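Heads up: the sequence shown is residues 6 to 176, going by this note's numbering.
The structure appears right after this line, and notes come after that.
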Amino acid sequence: MKIRTADCTDHSGIKAVLEVAFGQGDESRIVERLRADDADSLELVADHHGDIAGMMMFSPASAHLADGTILRGLGLGPVAVKPDHQNKGIGSALIEAGLEHFLPYPVAFFCVLGAPDYYARFGFSPAIERGWRWAADNSTLAEMAQAFQIRLPRPLPAGDGVIHYHPAFGL
6 MKIRTADCTD HSGIKAVLEV AFGQGDESRI VERLRADDAD SLELVADHHG DIAGMMMFSP
66 ASAHLADGTI LRGLGLGPVA VKPDHQNKGI GSALIEAGLE HFLPYPVAFF CVLGAPDYYA
126 RFGFSPAIER GWRWAADNST LAEMAQAFQI RLPRPLPAGD GVIHYHPAFG L
């Protein structure tokens, strides 16, 4: 299994991975909109002998702080692995490679909406613990507050951060 940067010849394979992993849902359309806006900051694939077994993408996100500061970060997702390749560490390898790619860059934060127990292994924690929240979360569900997570490569101020994903997410 080789983790590599996706190119345009991978798009149909990536779409197939997204559809088998998520069904005919929004993820495939989100990825297409991000590409059309040139907002796919990093798109990686897990290449298994020429077959796309998994994919992940980072796209621009912003955090608007109470003092008017706007921080530039990256949203992680979607992450998808074909069912016959799941539970083999492919998703983890994709995420780790993506995070490692951005080590030399001044990324203020990473955010993800997903299972807290899974993403904690990559240094993510619930954004609500820092007083940050997702702009699209209007619910009072504790589960949603825990699922929206951030990772801070460098210390940042806590409190009153509202995070916005790229408009391609339609959120």
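Note that the Cβ used here is the ideal one computed from N, Cα and C, for glycine as well.
Since this is a predicted model, take the numbers as computed values, not measurements.
Only residues of its own chain outside the window of five on either side were considered, and among them 6, 51, 58, 59 and 86 have a CB closer than 8 Å to the CB of residue 95, listed in chain order. When 131, 16, 38 and 110 are compared, the shortest CA-CA separation from residue 119 is found for 131. For residue 113, the closest C-alpha among the options 79, 137 and 139 is that of 79.
About 6 Å separates the beta carbon of residue 63 from that of residue 81, a gap short enough to meet the 8 Å contact definition.
Under the rule that a run must span 3 or more residues, the beta strand (DSSP E) segments found entirely inside the stretch 43 to 82 read 47 to 53 and 56 to 69. Residue burial annotation: residue 45 is buried, with at least 16 other C-beta atoms found within 10 angstroms of its C-beta. Take the alpha-carbon of residue 169 and the one of residue 141: they are about 8 Å apart.
For residue 153, the pairing in a beta bridge is given by DSSP as 118. Residue pairing of residue 85 in beta bridges, as defined by DSSP: 60. DSSP, read as helix, strand or coil, puts residue 172 in helix.
Between residue 24 and residue 33, the beta carbon gap of about 6 Å places them in contact (Cβ cut-off 8 Å). Straight through space, the alpha carbons of residue 26 and residue 91 are spaced by roughly 10 Å.
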